[in-house]
Structures are given as structure tokens and as C-alpha cells.
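*Asks:* As numbered in numbering that gives the first Met the number 0, residues 0 to 106 make up the sequence shown, in order. Virtual Cβ for every residue (Gly too), placed ideally from N, Cα, C. Since this is a predicted model, take the numbers as computed values, not measurements. Following this message is one structure expressed as C-alpha cells.
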Amino acid sequence: MADSPATADPLLRQFAICTGRYSALVEHQWLVDGPASEGSAGVRDSLWTLAEAVAGPAEAAAAMGWRIDAKVAQRGLLDRAYFARDAAAEKRSAQLLQACADLIGQS
Numbered sequence: 000m001a002d003s004p005a006t007a008d009p010l011l012r013q014f015a016i017c018t019g020r021y022s023a024l025v026e027h028q029w030l031v032d033g034p035a036s037e038g039s040a041g042v043r044d045s046l047w048t049l050a051e052a053v054a055g056p057a058e059a060a061a062a063m064g065w066r067i068d069a070k071v072a073q074r075g076l077l078d079r080a081y082f083a084r085d086a087a088a089e090k091r092s093a094q095l096l097q098a099c100a101d102l103i104g105q106s
């Protein structure tokens with residue numbers, strides 16, 4: 000019997016969430032720092048490759064849902080940090096992205 004999304008591998012969830020966070024960062028960088036988006040896209044792609052490697056067929060939809068939810072949340076932080084000059088949002092965004100980079104040994 001396949002695992003339900005509630006019992007999915009915690010690494011799958013983390014990789015999917017981090018893929019979403021980096022997806023938001025890539026789109027943000029397209030607007031404000033185009034060249035940086037290439038490096039971020041590489042991190043995003045690596046994270047999604049890891050998510051796909053640990054996902055079972057029954058978990059694919061849940062993984063995509065986690066990715067999309069995290070992308071929307073990260074996008075909100077990035078928008079508040081950049082456009083509203085919200086220091087707390089900027090700090091939280093950086094912390095979340097760093098935690099994801101740490102998963103794959105990026106700095």
C-alpha cells in the first residue's frame with residue numbers, strides 16, 4: 000500500500016517545499032537581478048531532482064502541492080521585503096532560503 004501524503008517521506012516534503020521557495024526566488028530575480036536567477040535556477044532544479052528521486056507515484060500530487068504552496072508563501076516574503084522594504088520579511092526569506100541551500104551543501 001502506498002504512503003499517503005500525510006505519511007510521506009519528510010525529505011520529500013522538504014525538497015518539494017524548498018523547490019517552491021527557489022522557484023519564487025528565480026522569478027523574483029528575473030525582475031531585480033537577472034544574472035543571479037541562473038544560479039538559483041540550478042539550485043531549484045537540483046532540489047526538484049531530489050524530490051522526484053524520493054517520491055513515490057502516489058506522492059507526486061502532494062509534492063507538487065507543497066511546492067506551489069511554498070512558492071506562493073516565499074513570493075509574498077520576497078515582495079514584502081523588496082517592495083515594502085520590510086526587514087523582517089527579508090530576514091525570514093533569507094533564513095528559509097539558506098535552510099534549503101544547506102540541504103544540498105550550497106552557500
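1. Sort L102, L76, A100 by Cα distance to R91 and report the nearest one.
2. So, is G19 buried or exposed, given that buried needs 16 or more other C-beta atoms within 10 angstroms?
3. For R84, count neighbouring Cβ atoms within 10 angstroms of its own Cβ and tell me buried if that reaches 16, exposed if not.
4. Can you tell me where the alpha helix (DSSP H) with E37 in it begins and where it stops?
5. Count the other C-beta atoms from every protein chain shown that fall within 10 angstroms of the C-beta of Q94, then say buried if there are 16 or more, exposed otherwise.
6. Can you give me the C-alpha to C-alpha distance between A59 and L46, rounded to a whole angstrom?
7. Less than 7 Å between C-beta atoms, sequence neighbours within five positions excluded: which residues of the same chain meet that for Q105?
8. So for D85, helix, strand or coil by DSSP?
9. In three-state terms, what does DSSP make of G19?
10. Could you round the C-beta distance between A80 and A88 to whole angstroms and report it? I think they count as a contact, below 8 Å.
*Replies:* So, from the listed chains and residues:
1. L76
2. Residue environment for G19: buried (at least 16 other C-beta atoms within 10 angstroms of its C-beta).
3. exposed
4. 33–53
5. exposed
6. Near 14 Å, if we compare the C-alpha coordinates of L46 and A59.
7. V42
8. coil
9. helix
10. 4 Å
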